[in-house]
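Quick note, the working numbering runs 168 ahead of the 1-based positions in the sequence shown.
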Amino acid sequence: MFNQYATELVIVETIQVILMIIATAFLVIAISKRHEFYLLFLCYVSLTLGLIFSVLKLMTSIPTIISLIFYLFATISLFATVFYKYFNLFLRNANRKYQIYVILIFLGISLLTIIGIEYVILGILLFGIELSLYIYYKKETVVYGLFALAMFIGFVSILTIILEGFGYPWAYELRQGTAIVLVSELLTVALVAILEYRMDKTNIKYRKVYDRAELYKDLFIHDVNNILQSILNASEFSTMKLSDWEEEKHKQEILQFSDIIKNQINRGANLISNIRILSELDLEKLKVETINLNSQLQKAIEMVKGLYNDTNSEIKYQISDDTIFVKANQYLSELFFNILMNSFVYNKSSVVKIDIKISRIKNNEQEYIQIDILDNGIGISEQLKTRINQDSLDLVNSKKRLGLGLIFVYKLTSYYGGYMKIQNRRDVEKKGTRVSIVLQEMKK
(Lines of atoms letter the chains of each structure in order from A and count residues from 1; the text may use other names and numbers.)
(Lines give C-alpha, C1' and ligand atoms only; values in the text may rest on other atoms or scores of the structure.)
Protein backbone atom coordinates (compact mmCIF):
# COMPACT_ATOMS: atom_id res chain seq x y z
CA MET A 1 0.00 0.00 0.00
CA PHE A 2 2.85 2.34 0.87
CA ASN A 3 4.56 1.62 -2.45
CA GLN A 4 1.35 2.30 -4.36
CA TYR A 5 0.84 5.57 -2.45
CA ALA A 6 4.47 6.58 -3.06
CA THR A 7 4.06 5.81 -6.78
CA GLU A 8 0.97 8.01 -6.93
CA LEU A 9 2.89 10.86 -5.28
CA VAL A 10 5.74 10.47 -7.78
CA ILE A 11 3.22 10.65 -10.65
CA VAL A 12 1.56 13.77 -9.17
CA GLU A 13 4.86 15.59 -8.67
CA THR A 14 6.10 14.50 -12.12
CA ILE A 15 2.99 16.10 -13.63
CA GLN A 16 3.91 19.28 -11.75
CA VAL A 17 7.41 19.17 -13.27
CA ILE A 18 5.99 18.70 -16.80
CA LEU A 19 3.55 21.59 -16.36
CA MET A 20 6.38 23.78 -15.05
CA ILE A 21 8.55 22.96 -18.08
CA ILE A 22 5.64 23.93 -20.37
CA ALA A 23 5.16 27.16 -18.40
CA THR A 24 8.88 27.94 -18.76
CA ALA A 25 8.68 27.40 -22.53
CA PHE A 26 5.80 29.90 -22.77
CA LEU A 27 7.72 32.32 -20.58
CA VAL A 28 10.66 32.23 -23.00
CA ILE A 29 8.24 33.43 -25.70
CA ALA A 30 6.99 36.18 -23.37
CA ILE A 31 10.57 37.28 -22.56
CA SER A 32 11.30 37.76 -26.27
CA LYS A 33 8.52 40.37 -26.24
CA ARG A 34 8.79 41.79 -22.71
CA HIS A 35 12.39 42.18 -21.52
CA GLU A 36 11.29 43.12 -17.99
CA PHE A 37 10.69 39.40 -17.30
CA TYR A 38 14.29 38.17 -17.63
CA LEU A 39 14.53 37.61 -13.86
CA LEU A 40 11.25 35.72 -13.95
CA PHE A 41 12.98 33.10 -16.10
CA LEU A 42 15.29 32.31 -13.15
CA CYS A 43 12.19 31.91 -10.98
CA TYR A 44 10.64 29.35 -13.34
CA VAL A 45 13.90 27.42 -13.78
CA SER A 46 14.59 27.38 -10.02
CA LEU A 47 11.05 26.23 -9.25
CA THR A 48 11.31 23.49 -11.88
CA LEU A 49 14.57 22.25 -10.33
CA GLY A 50 13.00 22.41 -6.87
CA LEU A 51 10.11 20.23 -8.06
CA ILE A 52 12.53 17.77 -9.69
CA PHE A 53 14.46 17.36 -6.43
CA SER A 54 11.14 16.98 -4.62
CA VAL A 55 10.36 14.00 -6.89
CA LEU A 56 13.84 12.56 -6.34
CA LYS A 57 13.36 12.91 -2.58
CA LEU A 58 10.45 10.46 -2.78
CA MET A 59 12.68 7.84 -4.41
CA THR A 60 16.01 8.53 -2.66
CA SER A 61 17.33 9.98 0.58
CA ILE A 62 17.92 13.51 -0.80
CA PRO A 63 17.26 16.03 2.00
CA THR A 64 14.34 18.49 1.80
CA ILE A 65 16.73 21.44 2.20
CA ILE A 66 17.86 21.15 -1.47
CA SER A 67 14.31 21.69 -2.74
CA LEU A 68 13.87 24.56 -0.29
CA ILE A 69 17.03 26.27 -1.56
CA PHE A 70 15.68 26.20 -5.12
CA TYR A 71 12.29 27.42 -3.86
CA LEU A 72 14.16 30.29 -2.17
CA PHE A 73 15.92 31.19 -5.44
CA ALA A 74 12.57 31.04 -7.23
CA THR A 75 10.97 33.32 -4.62
CA ILE A 76 13.83 35.83 -4.75
CA SER A 77 13.71 35.91 -8.58
CA LEU A 78 9.95 36.45 -8.61
CA PHE A 79 10.23 39.14 -5.96
CA ALA A 80 13.11 40.80 -7.85
CA THR A 81 10.92 40.97 -10.98
CA VAL A 82 8.15 42.69 -9.04
CA PHE A 83 10.51 44.95 -7.07
CA TYR A 84 12.32 46.08 -10.23
CA LYS A 85 9.01 47.22 -11.71
CA TYR A 86 7.96 48.81 -8.42
CA PHE A 87 11.28 50.63 -8.06
CA ASN A 88 11.11 52.14 -11.56
CA LEU A 89 7.48 53.18 -11.16
CA PHE A 90 7.33 54.48 -7.61
CA LEU A 91 10.56 54.23 -5.60
CA ARG A 92 13.17 55.87 -7.85
CA ASN A 93 11.85 59.37 -7.15
CA ALA A 94 10.33 58.65 -3.73
CA ASN A 95 11.21 60.66 -0.64
CA ARG A 96 13.93 59.50 1.77
CA LYS A 97 11.53 58.27 4.47
CA TYR A 98 9.81 55.86 2.11
CA GLN A 99 13.13 54.46 0.89
CA ILE A 100 14.22 53.88 4.53
CA TYR A 101 10.91 52.10 5.16
CA VAL A 102 11.61 49.65 2.32
CA ILE A 103 15.18 49.03 3.58
CA LEU A 104 13.88 48.26 7.09
CA ILE A 105 11.46 45.69 5.67
CA PHE A 106 14.34 43.98 3.85
CA LEU A 107 16.37 43.90 7.08
CA GLY A 108 13.40 42.41 8.92
CA ILE A 109 13.04 39.67 6.33
CA SER A 110 16.78 38.88 6.47
CA LEU A 111 16.52 38.37 10.26
CA LEU A 112 14.12 35.49 9.57
CA THR A 113 17.11 33.42 8.40
CA ILE A 114 17.77 32.78 12.11
CA ILE A 115 14.55 30.75 12.26
CA GLY A 116 14.86 28.98 8.90
CA ILE A 117 14.73 29.28 5.10
CA GLU A 118 10.98 28.61 5.07
CA TYR A 119 10.31 31.76 7.10
CA VAL A 120 12.54 33.88 4.87
CA ILE A 121 10.52 32.71 1.87
CA LEU A 122 7.27 33.54 3.68
CA GLY A 123 8.53 37.05 4.49
CA ILE A 124 9.63 37.73 0.91
CA LEU A 125 6.32 36.43 -0.46
CA LEU A 126 4.27 38.63 1.88
CA PHE A 127 6.22 41.73 0.88
CA GLY A 128 6.01 40.72 -2.79
CA ILE A 129 2.22 40.35 -2.56
CA GLU A 130 1.95 43.90 -1.23
CA LEU A 131 4.12 45.35 -4.03
CA SER A 132 2.35 43.35 -6.77
CA LEU A 133 -1.09 44.46 -5.62
CA TYR A 134 0.09 48.08 -5.47
CA ILE A 135 1.38 47.90 -9.07
CA TYR A 136 -1.83 46.17 -10.17
CA TYR A 137 -4.13 48.81 -8.64
CA LYS A 138 -2.04 51.77 -9.82
CA LYS A 139 -1.20 50.58 -13.33
CA GLU A 140 -3.99 48.03 -13.96
CA THR A 141 -1.60 45.40 -15.35
CA VAL A 142 -3.16 41.94 -15.19
CA VAL A 143 0.20 40.16 -15.01
CA TYR A 144 1.11 41.78 -11.70
CA GLY A 145 -2.30 40.89 -10.29
CA LEU A 146 -1.52 37.28 -11.21
CA PHE A 147 1.91 37.65 -9.60
CA ALA A 148 0.18 38.58 -6.33
CA LEU A 149 -2.07 35.51 -6.61
CA ALA A 150 0.90 33.25 -7.43
CA MET A 151 2.81 34.57 -4.42
CA PHE A 152 -0.19 33.95 -2.18
CA ILE A 153 -0.45 30.35 -3.41
CA GLY A 154 3.31 29.98 -2.91
CA PHE A 155 2.90 31.36 0.60
CA VAL A 156 0.28 28.68 1.39
CA SER A 157 2.49 25.99 -0.18
CA ILE A 158 5.52 26.94 1.97
CA LEU A 159 3.25 27.11 5.01
CA THR A 160 2.23 23.50 4.41
CA ILE A 161 5.92 22.50 4.40
CA ILE A 162 6.30 24.11 7.84
CA LEU A 163 3.14 22.37 9.11
CA GLU A 164 4.39 19.08 7.69
CA GLY A 165 7.56 19.53 9.73
CA PHE A 166 5.43 19.91 12.85
CA GLY A 167 3.92 16.47 12.17
CA TYR A 168 0.51 17.31 10.69
CA PRO A 169 -0.35 14.31 8.45
CA TRP A 170 -2.74 16.25 6.17
CA ALA A 171 -0.18 18.98 5.39
CA TYR A 172 1.62 16.95 2.69
CA GLU A 173 -1.54 16.31 0.68
CA LEU A 174 -2.49 19.98 1.01
CA ARG A 175 0.96 20.92 -0.27
CA GLN A 176 0.48 18.74 -3.34
CA GLY A 177 -2.83 20.45 -4.05
CA THR A 178 -1.40 23.95 -3.68
CA ALA A 179 1.64 22.98 -5.77
CA ILE A 180 -0.61 21.95 -8.67
CA VAL A 181 -2.52 25.24 -8.37
CA LEU A 182 0.74 27.22 -8.18
CA VAL A 183 2.21 25.59 -11.28
CA SER A 184 -1.06 26.16 -13.18
CA GLU A 185 -1.04 29.78 -12.03
CA LEU A 186 2.53 30.32 -13.28
CA LEU A 187 1.54 28.78 -16.62
CA THR A 188 -1.33 31.28 -16.74
CA VAL A 189 1.09 34.13 -15.94
CA ALA A 190 3.29 33.20 -18.91
CA LEU A 191 0.30 33.03 -21.28
CA VAL A 192 -1.20 36.30 -20.01
CA ALA A 193 2.19 38.04 -20.36
CA ILE A 194 2.15 37.16 -24.07
CA LEU A 195 -1.50 38.20 -24.51
CA GLU A 196 -1.01 41.44 -22.58
CA TYR A 197 1.93 42.36 -24.81
CA ARG A 198 -0.18 41.80 -27.92
CA MET A 199 -3.03 43.84 -26.45
CA ASP A 200 -0.64 46.69 -25.58
CA LYS A 201 0.77 46.56 -29.10
CA THR A 202 -2.75 46.70 -30.56
CA ASN A 203 -3.66 49.62 -28.29
CA ILE A 204 -0.54 51.50 -29.38
CA LYS A 205 -1.41 50.84 -33.03
CA TYR A 206 -4.95 52.16 -32.63
CA ARG A 207 -3.68 55.10 -30.61
CA LYS A 208 -1.38 56.04 -33.49
CA VAL A 209 -4.29 55.79 -35.93
CA TYR A 210 -6.39 57.97 -33.62
CA ASP A 211 -3.59 60.54 -33.30
CA ARG A 212 -3.20 60.65 -37.07
CA ALA A 213 -6.95 61.16 -37.50
CA GLU A 214 -6.86 64.00 -34.96
CA LEU A 215 -3.90 65.58 -36.75
CA TYR A 216 -5.56 65.36 -40.15
CA LYS A 217 -8.77 66.75 -38.69
CA ASP A 218 -6.96 69.74 -37.18
CA LEU A 219 -5.02 70.38 -40.37
CA PHE A 220 -8.16 70.02 -42.46
CA ILE A 221 -10.06 72.50 -40.28
CA HIS A 222 -7.11 74.92 -40.33
CA ASP A 223 -6.67 74.82 -44.10
CA VAL A 224 -10.39 74.90 -44.87
CA ASN A 225 -10.81 77.92 -42.59
CA ASN A 226 -8.07 79.71 -44.55
CA ILE A 227 -9.77 78.85 -47.83
CA LEU A 228 -13.19 79.97 -46.62
CA GLN A 229 -11.71 83.20 -45.24
CA SER A 230 -10.17 83.98 -48.64
CA ILE A 231 -13.50 83.29 -50.36
CA LEU A 232 -15.31 85.48 -47.82
CA ASN A 233 -12.85 88.35 -48.31
CA ALA A 234 -13.19 88.13 -52.09
CA SER A 235 -16.97 88.12 -51.78
CA GLU A 236 -16.97 91.17 -49.48
CA PHE A 237 -14.68 93.13 -51.79
CA SER A 238 -16.92 92.22 -54.72
CA THR A 239 -19.95 93.56 -52.85
CA MET A 240 -18.12 96.79 -52.01
CA LYS A 241 -17.10 97.36 -55.61
CA LEU A 242 -20.57 96.63 -56.93
CA SER A 243 -21.98 99.32 -54.63
CA ASP A 244 -19.62 101.89 -56.22
CA TRP A 245 -19.57 100.63 -59.79
CA GLU A 246 -17.27 102.12 -62.39
CA GLU A 247 -17.68 100.11 -65.57
CA GLU A 248 -14.26 99.01 -66.80
CA LYS A 249 -12.19 99.57 -63.64
CA HIS A 250 -14.43 97.60 -61.33
CA LYS A 251 -15.13 94.96 -63.95
CA GLN A 252 -11.45 93.97 -63.87
CA GLU A 253 -11.40 93.97 -60.07
CA ILE A 254 -14.49 91.76 -59.92
CA LEU A 255 -12.81 89.35 -62.33
CA GLN A 256 -9.77 89.25 -60.05
CA PHE A 257 -11.95 88.41 -57.05
CA SER A 258 -13.65 85.74 -59.15
CA ASP A 259 -10.24 84.22 -59.87
CA ILE A 260 -9.44 84.22 -56.14
CA ILE A 261 -12.69 82.37 -55.41
CA LYS A 262 -11.97 79.87 -58.20
CA ASN A 263 -8.43 79.27 -56.92
CA GLN A 264 -9.61 78.75 -53.36
CA ILE A 265 -12.25 76.25 -54.51
CA ASN A 266 -9.52 74.35 -56.39
CA ARG A 267 -7.36 74.41 -53.25
CA GLY A 268 -10.28 72.97 -51.30
CA ALA A 269 -10.70 70.18 -53.85
CA ASN A 270 -6.96 69.44 -53.62
CA LEU A 271 -7.20 69.39 -49.81
CA ILE A 272 -9.97 66.78 -49.92
CA SER A 273 -7.93 64.71 -52.37
CA ASN A 274 -4.91 64.85 -50.02
CA ILE A 275 -7.01 63.67 -47.07
CA ARG A 276 -8.33 60.72 -49.09
CA ILE A 277 -4.86 59.64 -50.22
CA LEU A 278 -3.41 60.05 -46.69
CA SER A 279 -6.11 57.80 -45.27
CA GLU A 280 -5.23 55.15 -47.86
CA LEU A 281 -1.55 55.52 -46.94
CA ASP A 282 -2.31 54.87 -43.26
CA LEU A 283 -4.27 51.74 -44.17
CA GLU A 284 -1.47 50.69 -46.56
CA LYS A 285 -3.94 50.29 -49.41
CA LEU A 286 -1.82 51.95 -52.09
CA LYS A 287 0.20 49.84 -54.49
CA VAL A 288 3.77 50.93 -55.31
CA GLU A 289 5.00 50.21 -58.84
CA THR A 290 7.31 51.40 -61.59
CA ILE A 291 6.09 54.78 -62.86
CA ASN A 292 7.15 57.24 -65.57
CA LEU A 293 8.68 60.27 -63.81
CA ASN A 294 8.64 62.52 -66.89
CA SER A 295 4.92 62.18 -67.52
CA GLN A 296 4.05 62.63 -63.83
CA LEU A 297 6.09 65.84 -63.58
CA GLN A 298 4.61 67.18 -66.81
CA LYS A 299 1.10 66.43 -65.55
CA ALA A 300 1.77 68.30 -62.28
CA ILE A 301 3.12 71.34 -64.17
CA GLU A 302 0.04 71.46 -66.39
CA MET A 303 -2.22 71.18 -63.34
CA VAL A 304 -0.59 74.08 -61.49
CA LYS A 305 -0.47 76.25 -64.64
CA GLY A 306 -4.18 75.64 -65.13
CA LEU A 307 -4.87 76.63 -61.54
CA TYR A 308 -2.77 79.82 -61.64
CA ASN A 309 -3.20 80.72 -65.32
CA ASP A 310 -3.63 84.43 -64.47
CA THR A 311 -0.45 84.60 -62.37
CA ASN A 312 2.81 85.73 -63.96
CA SER A 313 5.05 82.69 -63.71
CA GLU A 314 8.10 81.04 -65.23
CA ILE A 315 8.51 77.28 -64.79
CA LYS A 316 11.79 75.93 -66.16
CA TYR A 317 11.92 72.19 -66.67
CA GLN A 318 14.11 70.36 -69.11
CA ILE A 319 12.46 67.08 -70.04
CA SER A 320 15.12 64.41 -70.33
CA ASP A 321 15.55 62.66 -73.66
CA ASP A 322 15.71 59.41 -71.71
CA THR A 323 12.51 58.29 -70.04
CA ILE A 324 13.13 57.97 -66.29
CA PHE A 325 11.26 55.43 -64.21
CA VAL A 326 10.98 55.52 -60.42
CA LYS A 327 9.39 53.53 -57.60
CA ALA A 328 6.05 55.31 -57.00
CA ASN A 329 2.42 55.19 -58.22
CA GLN A 330 -0.23 57.30 -59.95
CA TYR A 331 -0.26 59.83 -57.10
CA LEU A 332 3.27 61.01 -57.85
CA SER A 333 1.83 63.88 -59.91
CA GLU A 334 -0.24 64.92 -56.85
CA LEU A 335 2.98 65.00 -54.82
CA PHE A 336 4.69 67.36 -57.28
CA PHE A 337 1.50 69.42 -57.67
CA ASN A 338 1.42 70.11 -53.91
CA ILE A 339 5.03 71.32 -53.95
CA LEU A 340 4.44 73.53 -57.01
CA MET A 341 1.23 74.93 -55.55
CA ASN A 342 3.09 75.94 -52.36
CA SER A 343 5.57 77.82 -54.56
CA PHE A 344 2.65 79.95 -55.80
CA VAL A 345 0.78 80.29 -52.49
CA TYR A 346 3.84 81.33 -50.44
CA ASN A 347 5.26 83.79 -52.93
CA LYS A 348 5.19 87.60 -52.88
CA SER A 349 7.26 88.16 -56.02
CA SER A 350 5.72 89.86 -59.05
CA VAL A 351 6.76 86.86 -61.14
CA VAL A 352 6.68 83.36 -59.65
CA LYS A 353 9.84 81.57 -60.77
CA ILE A 354 10.22 77.81 -60.45
CA ASP A 355 13.20 75.79 -61.60
CA ILE A 356 13.00 71.96 -61.72
CA LYS A 357 16.23 69.96 -61.90
CA ILE A 358 16.72 66.21 -62.12
CA SER A 359 19.91 64.36 -61.21
CA ARG A 360 21.08 60.84 -60.45
CA ILE A 361 22.67 59.91 -57.12
CA LYS A 362 23.92 56.62 -55.68
CA ASN A 363 23.45 55.37 -52.13
CA ASN A 364 24.64 51.91 -50.99
CA GLU A 365 24.99 50.74 -54.60
CA GLN A 366 21.36 51.73 -55.28
CA GLU A 367 20.54 54.28 -57.99
CA TYR A 368 18.24 57.14 -56.97
CA ILE A 369 16.69 60.06 -58.82
CA GLN A 370 16.74 63.45 -57.10
CA ILE A 371 14.15 66.00 -58.17
CA ASP A 372 14.97 69.54 -56.98
CA ILE A 373 12.18 72.13 -57.13
CA LEU A 374 13.47 75.67 -56.50
CA ASP A 375 11.30 78.78 -56.21
CA ASN A 376 11.66 82.47 -55.39
CA GLY A 377 9.07 82.48 -52.61
CA ILE A 378 9.30 83.68 -49.02
CA GLY A 379 11.54 80.82 -47.88
CA ILE A 380 11.12 78.72 -44.76
CA SER A 381 12.10 79.18 -41.11
CA GLU A 382 14.74 76.98 -39.44
CA GLN A 383 12.16 75.80 -36.89
CA LEU A 384 9.74 74.74 -39.61
CA LYS A 385 12.49 72.95 -41.55
CA THR A 386 13.29 70.87 -38.47
CA ARG A 387 9.67 69.89 -37.96
CA ILE A 388 9.13 68.95 -41.60
CA ASN A 389 11.66 66.14 -41.31
CA GLN A 390 9.78 64.58 -38.39
CA ASP A 391 7.02 62.00 -38.66
CA SER A 392 3.60 63.65 -38.76
CA LEU A 393 2.60 61.99 -35.48
CA ASP A 394 5.34 63.93 -33.72
CA LEU A 395 3.61 67.09 -34.82
CA VAL A 396 0.30 66.37 -33.08
CA ASN A 397 1.18 68.45 -30.04
CA SER A 398 3.11 71.09 -31.96
CA LYS A 399 1.96 74.66 -31.41
CA LYS A 400 2.50 75.62 -35.04
CA ARG A 401 0.87 73.26 -37.53
CA LEU A 402 2.39 72.39 -40.85
CA GLY A 403 0.18 72.70 -43.88
CA LEU A 404 -1.43 69.44 -44.89
CA GLY A 405 0.25 69.69 -48.30
CA LEU A 406 3.77 69.34 -46.89
CA ILE A 407 2.77 66.44 -44.64
CA PHE A 408 1.14 64.82 -47.67
CA VAL A 409 4.40 65.18 -49.64
CA TYR A 410 6.49 63.87 -46.74
CA LYS A 411 4.34 60.80 -46.05
CA LEU A 412 3.86 59.87 -49.70
CA THR A 413 7.61 60.14 -50.38
CA SER A 414 8.33 57.91 -47.35
CA TYR A 415 5.69 55.43 -48.55
CA TYR A 416 7.56 55.17 -51.85
CA GLY A 417 10.74 54.31 -49.93
CA GLY A 418 12.27 57.69 -50.69
CA TYR A 419 12.91 60.80 -48.64
CA MET A 420 12.34 64.54 -48.72
CA LYS A 421 14.72 67.43 -47.97
CA ILE A 422 13.78 71.08 -47.69
CA GLN A 423 16.01 74.13 -47.30
CA ASN A 424 16.29 77.78 -48.18
CA ARG A 425 18.03 78.65 -51.44
CA ARG A 426 21.59 79.92 -51.19
CA ASP A 427 22.16 81.06 -54.74
CA VAL A 428 22.09 84.54 -56.30
CA GLU A 429 18.36 84.90 -55.68
CA LYS A 430 19.08 85.00 -51.90
CA LYS A 431 15.54 83.88 -51.17
CA GLY A 432 13.15 81.08 -51.91
CA THR A 433 12.90 77.40 -51.09
CA ARG A 434 14.53 74.26 -52.43
CA VAL A 435 12.47 71.08 -52.03
CA SER A 436 14.30 67.87 -52.93
CA ILE A 437 12.48 64.59 -53.51
CA VAL A 438 14.67 61.48 -53.74
CA LEU A 439 13.12 58.33 -55.23
CA GLN A 440 14.52 54.93 -56.13
CA GLU A 441 15.23 54.57 -59.85
CA MET A 442 13.64 51.57 -61.56
CA LYS A 443 14.45 49.83 -64.82
CA LYS A 444 11.54 49.29 -67.17
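Using N, Cα and C, we set each Cβ at its ideal position, and we do this for glycine too.
At a Cβ-Cβ threshold of 8 Å, Leu327 and Ala191 do not count as neighbours.
In the structure shown, the three-state DSSP call for Leu607 is strand. In this structure, Ile492 keeps its C-beta atom at 8 Å or more from the C-beta atom of Ile483. Of Leu500, Val603, Ser517, Ile539, the smallest CA-CA separation from Leu580 is found for Leu500.
Put simply, of Tyr514, Gly586, Glu609 the residue whose alpha carbon is nearest the alpha carbon of Lys599 is Tyr514. Under DSSP, Ala496 forms a beta bridge with Glu457. Taking 8 Å as the cut-off, the Cβ atoms of Gln534 and Ala347 do not count as close. Rounded to whole angstroms, Ser518 and Glu457 show a C-alpha spacing of 40 Å. When rounded, the separation of the alpha-carbon atoms in Ile244 and Glu176 is 31 Å. Burial is judged here by how many other beta carbons sit within 10 angstroms of a residue's own beta carbon; Val196 has fewer than 16 and is exposed.
When DSSP reads this structure, Glu482 sits in a beta bridge with Lys521. With contacts defined by Cβ atoms closer than 8 Å, Ile537 and Leu607 form a contacting pair.
The bridge partners DSSP lists for Gln538 are Ser527, Val606.
The beta carbons of Phe315 and Ser325 sit about 15 Å from each other, so the pair does not count as a contact at 8 Å. Boundaries for Tyr587: no alpha helix (DSSP H) harbours it, while the beta strand (DSSP E) harbouring it runs 587-592, taken from the DSSP string.
For Thr216, the secondary structure class from DSSP, reduced to helix, strand or coil, is helix. DSSP, read as helix, strand or coil, puts Thr601 in strand. Take the alpha-carbon of Tyr239 and the one of Leu257: they are about 27 Å apart. Secondary structure at Asp490: coil, using DSSP grouped into helix, strand and coil. Annotation: Phe205 to Gly333 spans about 34 Å, alpha carbon to alpha carbon. Residue environment for Tyr336: exposed (fewer than 16 other C-beta atoms within 10 angstroms of its C-beta).
Less than 8 Å separates the beta-carbon of Val603 from that of Ile507. Put simply, the backbone Cα of Ala361 is about 6 Å away from that of Val311. Residue burial is scored here from C-beta neighbours: Ala358 has at least 16 other C-beta atoms within 10 angstroms and is therefore classed as buried. In this structure Thr216 touches Ile189 by the C-beta definition: roughly 6 Å separates them, less than 8 Å. Note on geometry: alpha-carbon atoms of Leu475 and Asn401 lie some 19 Å from one another.
Between the beta-carbon of Val494 and that of Ile526 there is about 10 Å, and that puts the pair past the 8 Å contact cut.
Of the other Cβ atoms in all chains shown, fewer than 16 fall within 10 Å of the Cβ of Thr228; this residue is therefore exposed.
Residues of the same chain with a CB within less than 7 Å of the CB of Leu219, apart from the 5 flanking positions on each side, are Glu181, Gln184, Val185, Met188 in chain order.
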